[in-house]
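Participant: The opening position of the sequence shown corresponds to residue 1 in the working numbering, with each subsequent residue numbered one higher. Pasting in a structure now, in structure tokens, and then I'll have a few things to ask.
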Amino acid sequence: MDKKKLYVGNLPWSVNEQSLKDMFSPFGEITEVVIISDRYTGRSKGFGFVTFANEADAEKAIAELSNKEIDGRKIIVNIAKPREERSNQRGGGYKRDFNRRGY
Numbered sequence: 001m002d003k004k005k006l007y008v009g010n011l012p013w014s015v016n017e018q019s020l021k022d023m024f025s026p027f028g029e030i031t032e033v034v035i036i037s038d039r040y041t042g043r044s045k046g047f048g049f050v051t052f053a054n055e056a057d058a059e060k061a062i063a064e065l066s067n068k069e070i071d072g073r074k075i076i077v078n079i080a081k082p083r084e085e086r087s088n089q090r091g092g093g094y095k096r097d098f099n100r101r102g103y
């Protein structure tokens with residue numbers, strides 16, 4: 001797990017990549033900032049990722065910014081977890097036998 005990459009959640013819609021970088025840059029050198037947006041509307045999904053050059057700076061940012069209120073919302077700041085592999089199957093629900101004829 002990369003302890004330099006942080007997940008930042010519960011972001012106000014007004015936050016963009018530059019404002020997120022400005023918020024985290026006092027804690028150290030940032031190598032990447034990404035806000036995740038809806039692929040169809042382009043609107044922010046309310047979360048993103050900030051990657052620092054070193055782990056110590058990332059830890060300082062977590063300590064200082066976790067639960068900080070921005071535009072009325074308390075942001076969540078954690079070490080980012082790797083994305084789990086997605087299978088092609090959709091989960092849950094009743095399985096139907098479409099080949100069976102009921103008459």
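Just so you know, even glycine gets a beta-carbon here, dropped at the ideal spot from N, CA and C. All of these numbers come straight from a predicted model, not from anything done at the bench.
Could I get the ranges of all uninterrupted beta strand (DSSP E) runs contained in the stretch 17 to 88, with 3 residues as the minimum, in chain order?
Facilitator: 30 to 37, 44 to 52, 76 to 79
Participant: Check Lys4 in the structure and name its three-state DSSP category.
Facilitator: Your numbering for residue 4 matches position 4 in the sequence shown. Note: Lys4 maps to coil in three-state DSSP.
Participant: So, for Val77: in the same chain, excluding its five sequence neighbours on each side, which residues have a beta-carbon less than 7 Å away from its beta-carbon?
Facilitator: Position 77 of the sequence shown, counting from 1, holds the residue named residue 77. Excluding the 5 residues flanking it on each side, Val77 has same chain C-beta neighbours closer than 7 Å at Leu6, Val8, Ala61, Ile62, Leu65, Ser66, in chain order.
Participant: Considering only the alpha carbon of each residue, which of Gln18, Ser14, Glu29, Ala56 lies closest to Arg43?
Facilitator: Stepping through the sequence shown from its first residue, residue 43 is reached at position 43. Checked all of Gln18, Ser14, Glu29, Ala56; the closest Cα to Arg43 is Ser14.
Participant: Given that a residue counts as buried once 16 or more other Cβ atoms are within 10 Å of its Cβ, and exposed if not, what is Asp57?
Facilitator: As a first step, residue 57 must be located in the sequence shown, where it is residue number 57. Result: buried.
Participant: Taking C-alpha atoms, which residue in Leu20, Lys4, Tyr40, Asp2 lies nearest to Ile75?
Facilitator: Within the sequence shown, numbered from 1, the residue matching residue 75 stands at position 75. It is Leu20.
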